[in-house]
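Student: Just passing along the structure, written as structure tokens.
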Amino acid sequence: KANDLKLASQAFVDSVSKKFRDLTTALNISSDIHFIRTTDPHHIKAAQTFWSLCLANGDIYKKNYKIKYCVGCELEKTDSELVDGHCPLHPNLEIQIIEEENYFFKFSKYQKELSDFYQKHADFVIPDFRFNEIKAFVDRGLEDFSISRVKSKMSWGVPVPNDSEHVMYVWFDALVSYISTLGWPEDGKNFEKYWVKGTPVQYAGKDNLRQQSAMWQAMLMSAGLPNSRHVVIDGFITSGGQKMSKSLGNTVDPFELVKEFGTDAVRYYVARELSAFEDSDFTTEKFKNAYNANLANGLGNLVSRIIKMSETHGVKIVGDNKHNLTDFEHALESFNIQKAADSIWNEIGKADRLIQETEPFKLIKENREKAVEIILSLLARLSIIAKHLEPLLPETAEKIQSAIRLNKLEKPLFPRKD
Numbered sequence: 069k070a071n072d073l074k075l076a077s078q079a080f081v082d083s084v085s086k087k088f089r090d091l092t093t094a095l096n097i098s099s100d101i102h103f104i105r106t107t108d109p110h111h112i113k114a115a116q117t118f119w120s121l122c123l124a125n126g127d128i129y130k131k132n133y134k135i136k137y138c139v140g141c142e143l144e145k146t147d148s149e150l151v152d153g154h155c156p157l158h159p160n161l162e163i164q165i166i167e168e169e170n171y172f173f174k175f176s177k178y179q180k181e182l183s184d185f186y187q188k189h190a191d192f193v194i195p196d197f198r199f200n201e202i203k204a205f206v207d208r209g210l211e212d213f214s215i216s217r218v219k220s221k222m223s224w225g226v227p228v229p230n231d232s233e234h235v236m237y238v239w240f241d242a243l244v245s246y247i248s249t250l251g252w253p254e255d256g257k258n259f260e261k262y263w264v265k266g267t268p269v270q271y272a273g274k275d276n277l278r279q280q281s282a283m284w285q286a287m288l289m290s291a292g293l294p295n296s297r298h299v300v301i302d303g304f305i306t307s308g309g310q311k312m313s314k315s316l317g318n319t320v321d322p323f324e325l326v327k328e329f330g331t332d333a334v335r336y337y338v339a340r341e342l343s344a345f346e347d348s349d350f351t352t353e354k355f356k357n358a359y360n361a362n363l364a365n366g367l368g369n370l371v372s373r374i375i376k377m378s379e380t381h382g383v384k385i386v387g388d389n390k391h392n393l394t395d396f397e398h399a400l401e402s403f404n405i406q407k408a409a410d411s412i413w414n415e416i417g418k419a420d421r422l423i424q425e426t427e428p429f430k431l432i433k434e435n436r437e438k439a440v441e442i443i444l445s446l447l448a449r450l451s452i453i454a455k456h457l458e459p460l461l462p463e464t465a466e467k468i469q470s471a472i473r474l475n476k477l478e479k480p481l482f483p484r485k486d
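If you count by this note's numbering, then the sequence shown holds residues 69 to 486, one letter each, in order.
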């Protein structure tokens, strides 16, 4: 791609990296996130240290080999994994045949150790059906995998220690970024805090199941380092039933979505409208329909109605609501973001029904005390909703909390899009 654009490889990846950094700002992602790149000098040193540990353990060796290789997956493929000679995940790409001398990692050595590890950690891979996939993969027997490329053919890569003719293959050095981002090996403090004593959770797409939950775990075992605690496997965001890909021209620009609908609208769609673990098809029409139905007409309309009643009739809630939604907490603990979001929208539905059934805006003319009691109940529910929206829609949560405090909503949270 860099050659097509007549750019140096470093200049090209710098431009791509900047887009991802800009996206963290556009989507209101925490500013304290440590965005590491595999071209960072610290990561290069960490990858080489990790290589040396595996080598010292007798798990790296050199041999000639011939493989079938999917450029899209950046992974070797066996005949059983191909459909009509093509990768099922990248059916429009031709399988490459590679024959050369490479370094290999002794993956086969860790079959029993991985199986035992899986047995001891029943919630290691989430969801269960993905865990069953990787357990079956390991049980079928493991083959050693290539971890280097000849530098004359692929100059872009981390240099292999003590061999100027080879660079590390992406699925060796890139996985090390999980710990190099914590400062390993020099900064033992953060590594000890977050990886050794913490609960390291990795998120990956379903095409990364093997790399993240088997290959990387075996590499950690080889290096004598603790394994990950959880690996959460997501489905793909598809377009027309196919995985989004620049080569297919079916991608969506998230910056344009943010520009038209707002940051929290995009965060909402990812959290609730996309499946937590299965593939989800995306179209702009689906996005707009969900926005109007669940944000403009749903949450936005509810907030407007409740705040209008409280403002008009001088009803104000006192103190913070400490109530927690049990379903929300359980869903987050099981990494099911969609289910967590659903629990909030269930509360929105309950509040809507309470308004419809009691009509406090009418009742207040006949029984002010009872109507005020209902409005206070609605404000309390709204406070609970806002509290639980904080990790999903932080800007919206703050606006709702401000409206409750001030007893006034300056403008609609989500203007309807026609």
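For each residue, glycine too, the CB sits at the ideal point set by N, CA and C.
What does the Cβ neighbour count give for Thr352, buried or exposed, with the cut at 16 atoms within 10 Å?
Tutor: With fewer than 16 Cβ atoms within 10 Å of its Cβ, Thr352 is classed as exposed.
Student: Just to confirm my understanding: we take Val244, look at its own chain, exclude 5 residues before and 5 after, and list those with CB closer than 6 Å. What are they?
Tutor: Contacts found: Ala114, Ala115, Phe118.
Student: What residue does the alpha helix (DSSP H) around Asn64 start on, and which one ends it?
Tutor: Limits of the chain in this structure are 69 at one end and 486 at the other, which puts residue 64 out of reach.
Student: How far does the beta strand (DSSP E) with Lys174 in it reach, from first residue to last?
Tutor: Looking at the DSSP string, Lys174 is not in any beta strand (DSSP E), and its letter there is neither H nor E.
Student: With DSSP collapsed to three states, give me the class of Met283.
Tutor: DSSP places Met283 in helix when its eight states are reduced to three.
Student: Restricting to Cα atoms, I'd like to know which of Ala70, Arg449, Ser402, Glu142 is closest to His158.
Tutor: The shortest C-alpha separation from His158 is found at Glu142.
Student: State the Cα-Cα distance for the pair Ser232 and Tyr129, rounded to the nearest angstrom.
Tutor: Rounded to whole angstroms, Ser232 to Tyr129 spans 16 Å at the Cα level.
Student: Tell me where the alpha helix (DSSP H) around Asn414 begins and ends.
Tutor: Here the alpha helix (DSSP H) through Asn414 covers 405-426.
Student: What does DSSP give as the partner residues of Ser216 in its beta bridges?
Tutor: In the DSSP output, where bridge partners are listed per residue, Ser216 has Met236.
Student: Shortest alpha-carbon distance to Glu254 belongs to which of Phe482, Asp90, His110?
Tutor: Ranking Phe482, Asp90, His110 by Cα distance to Glu254 puts His110 first.
Student: Report the CB separation of Ile194 from Phe396 in whole angstroms; it is logged as a contact under 8 Å.
Tutor: At roughly 17 Å, the Cβ-Cβ gap does not stay under 8 Å, so Ile194 and Phe396 are not in contact.
Student: Quickly, what does DSSP pair Asp311 with across the bridge? List them, please.
Tutor: The residue you asked about is not Asp; residue 311 is Lys in the sequence shown. Lys311 pairs with Thr306.
Student: Between the stretch 82-100 and the stretch 222-240, do three or more beta carbon pairs fall short of 8 Å?
Tutor: With the cut-off at 8 Å, the stretch 82-100 and the stretch 222-240 do not touch.
Student: Report the three-state DSSP secondary structure of His102 (helix, strand or coil).
Tutor: Coil.
Student: Taking C-alpha atoms, which residue in Pro480, Phe192, Lys203 lies nearest to His298?
Tutor: The shortest Cα separation from His298 among Pro480, Phe192, Lys203 belongs to Phe192.
Student: Alpha carbon to alpha carbon, how far is Lys188 from Pro322?
Tutor: If you take the alpha carbons of Lys188 and Pro322, they lie about 40 Å apart.
Student: Quick one: Cα of Thr426 to Cα of Arg373, how far?
Tutor: Distance between the alpha carbons of Thr426 and Arg373: 14 Å.
Student: Out of curiosity, what's the CA-to-CA distance linking Val151 and Leu277?
Tutor: Each residue's Cα considered, the two are about 19 Å apart.
Student: When the Cα of Val488 is compared with those of Ser343, Asp349, Asn295, Pro294, which residue comes out closest?
Tutor: No statement about residue 488 is possible, as the shown extent of the chain runs from 69 to 486 and does not include it.
Student: Could you tell me which of Tyr178, Ser214, Ser248 sits nearest to Asn132, measuring between CA atoms?
Tutor: Ranking Tyr178, Ser214, Ser248 by Cα distance to Asn132 puts Ser214 first.
Student: Alpha carbon to alpha carbon, how far is Arg473 from Lys479?
Tutor: Arg473 and Lys479: Cα-Cα distance of roughly 15 Å.
Student: Tell me which residues share the same chain as Phe175 and place their Cβ nearer than 7 Å to its Cβ, disregarding the 5 neighbours each side in the sequence.
Tutor: Leu210, Glu211, Asp212, Phe213, Met283, Ala286, listed in sequence order.
Student: Along the beta strand (DSSP E) that carries Ile128, what are the first and last residues, could you check?
Tutor: That run of the beta strand (DSSP E) goes 128-138.
Student: Which stretch, first to last residue, makes up the alpha helix (DSSP H) that contains Lys327?
Tutor: Segment 322-329, the alpha helix (DSSP H) holding Lys327.
Student: May I ask whether a heavy atom of the ligand NAP can be found less than 8 Å away from the beta carbon of Thr92?
Tutor: This structure does not include the ligand NAP; it has no bound ligands of any sort.
Student: Alpha carbon to alpha carbon, how far is Glu434 from Val440?
Tutor: Those two C-alpha atoms are separated by around 12 Å.
Student: Return helix, strand or coil for Cys122, following the three-state DSSP convention.
Tutor: Note: Cys122 maps to helix in three-state DSSP.
Student: Taking all protein chains shown into account, decide if Ser451 is buried (16 or more other Cβ within 10 angstroms of its Cβ) or exposed.
Tutor: It is buried - the Cβ of Ser451 has at least 16 other Cβ atoms within 10 Å.
Student: Any idea what DSSP makes of Pro195, helix, strand or coil?
Tutor: In this structure, Pro195 counts as coil in the three-state DSSP scheme.
Student: Just to confirm my understanding: we take Ser220, look at its own chain, exclude 5 residues before and 5 after, and list those with CB closer than 8 Å. What are they?
Tutor: Here the set comprises Glu233.
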